[in-house]
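Chemist:
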Ligand SMILES: NC(=O)c1ccc[n+]([C@@H]2O[C@H](COP(=O)([O-])OP(=O)(O)OC[C@H]3O[C@@H](n4cnc5c(N)ncnc54)[C@H](O)[C@@H]3O)[C@@H](O)[C@H]2O)c1
């Protein structure tokens, strides 16, 4: 096969991590780029010397039948439309998280992939960290036993990125769909992808995007400006029950009066596995309570996690390798996200 020709759809923030990852691969060419915002399109295309530029997906797909794949990096509300068009044009698709705006759209995307016999991979980038790889190795070899509880936490103290992220019509929601999605997927993946059966949740919008704040803590991608929309939740908590009896507790926020945190812990019958900061294992050894750390000497920074993710996408296309972040998982996670919003709205448990 010649170089895999990929088109980026969406030339914003995250497209840079994707393009930089593809540029590391000798068998890939970032062949074209598309964004409805012409200025952004040209800025990103200029940075990487991409000459085929489009402000409309349909025109790009019609003009470039030689494309092999598309990488969808647009607002959540447009994931489904862009991905389905690309799949129907016969392209393999990599789609950023969350898979779609809601589960219904996610199902339509998978149907388009199946109908066209093309790969649809979802951008669950945390699956591609070294920690996830190590954790999976311990779990698969039985060191943790049966996992019956997990904590999935992604707390920002002040981290509403502003722009479209606070605009529900484009994002679908706040930290649940933007941040929670990452840790729900990671814990579910490490628990063996069980099916969700019920969700109980509460969400709050007490603090908003707080554009008045003069200082910040931690790494925040982009601060909300005073005139940015904000009709999304700023904190949510949920209990997700799976068909194997296991439960995950989610906590996620853009705004919260407390320290930023990202605890990800799995509790099993033989051991506990903590991925909050490296990989730590809790268990029993020689009849003593024992902990040990697994050293991740080649710890991957986020950029390298993206490189591993994109390399896997290309490997699936070129070598037919089984995809590690399938559309069917994207759908299950979307069902959980929909149920969190519904449960928080109604105050009742949602049965899936
Ligand atoms: N994996 C991660 O850690 C991670 C991090 C950030 C963002 N994301 C995801 O990536 C996606 C984009 O986020 P971002 O931060 O880059 O946003 P962004 O606003 O910086 O970029 C999105 C771009 O998509 C363009 N766009 C919207 N609809 C389009 C359409 N129909 N056709 C062509 N272009 C269109 C917009 O004009 C914008 O330039 C989101 O789904 C987000 O959840 C993932």
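Numbering (this note's numbering), first residue to last: 2 to 353.
Cβ atoms here follow ideal geometry from the backbone N, Cα and C, with glycine treated the same way.
Touch check for the segment 40-54 and the segment 91-111: three-plus C-beta pairs under 8 Å?
Modeler: By the C-beta criterion, the segment 40-54 is judged not to be in contact with the segment 91-111, since fewer than 3 inter-stretch pairs fall below 8 Å.
Chemist: So, is residue 173 buried or exposed, given that buried needs 16 or more other C-beta atoms within 10 angstroms?
Modeler: buried
Chemist: Say yes only if the C-beta of residue 54 is nearer than 8 Å to one or more non-hydrogen atoms of ligand 1, and no if none qualify.
Modeler: no
Chemist: What residue range is occupied by the uninterrupted beta strand (DSSP E) comprising residue 151?
Modeler: 148-156
Chemist: Among all the DSSP beta bridges, which residues are the ones paired with residue 238?
Modeler: 203, 252
Chemist: Classify residue 286: buried if its beta carbon has 16 or more other beta carbons within 10 angstroms, exposed otherwise.
Modeler: Exposed: under 16 other Cβ atoms inside 10 Å.
Chemist: Taking all protein chains shown into account, do 16 or more other C-beta atoms lie within 10 angstroms of the C-beta of residue 290, making it buried, or fewer, making it exposed?
Modeler: exposed
Chemist: In the DSSP assignment, what are the bridge partners of residue 273?
Modeler: 268, 283
Chemist: Is residue 1 a contact residue of ligand 1, with contact defined as CB to any heavy atom under 8 Å?
Modeler: Past the boundaries of the shown model lies residue 1; the chain is included only from 2 to 353, so the question cannot be answered.
Chemist: Within 9 Å (strictly less), CB to CB, does residue 338 reach chain C?
Modeler: Here chain C cannot be found, since the structure has a single protein chain.
Chemist: Is it buried or exposed for residue 154, if we count other Cβ within 10 angstroms and need 16 for buried?
Modeler: buried
Chemist: Considering only DSSP beta bridges, list what residue 327 is partnered with.
Modeler: 122
Chemist: Residue range of the alpha helix (DSSP H) that residue 183 falls in?
Modeler: 182-191
Chemist: Nearest CA to the CA of residue 267: which residue from 217, 288, 151, 26?
Modeler: 151
Chemist: For residue 272 versus residue 144, is the C-beta spacing smaller than 9 Å?
Modeler: Yes.
Chemist: CA-CA distance, residue 241 and residue 3?
Modeler: 45 Å
Chemist: Quick one: give me the first and last residue of the beta strand (DSSP E) that residue 96 is part of.
Modeler: 93-97
Chemist: Does the pairing of the segment 329-345 with the segment 135-142 give three or more beta-carbon distances under 8 Å?
Modeler: no
Chemist: Rounded to whole angstroms, how far is the Cβ of residue 254 from the Cβ of residue 176, which I believe are closer than 8 Å?
Modeler: 5 Å
Chemist: Which residue or residues does DSSP assign as beta-bridge partners of residue 30?
Modeler: 6
Chemist: Going by other Cβ atoms of all chains shown within 10 Å of its Cβ, with 16 needed for buried, is residue 28 buried or exposed?
Modeler: When all chains shown are included, residue 28 counts as exposed.
Chemist: Work out the CA separation of residue 125 and residue 98 for me, nearest whole Å.
Modeler: 6 Å
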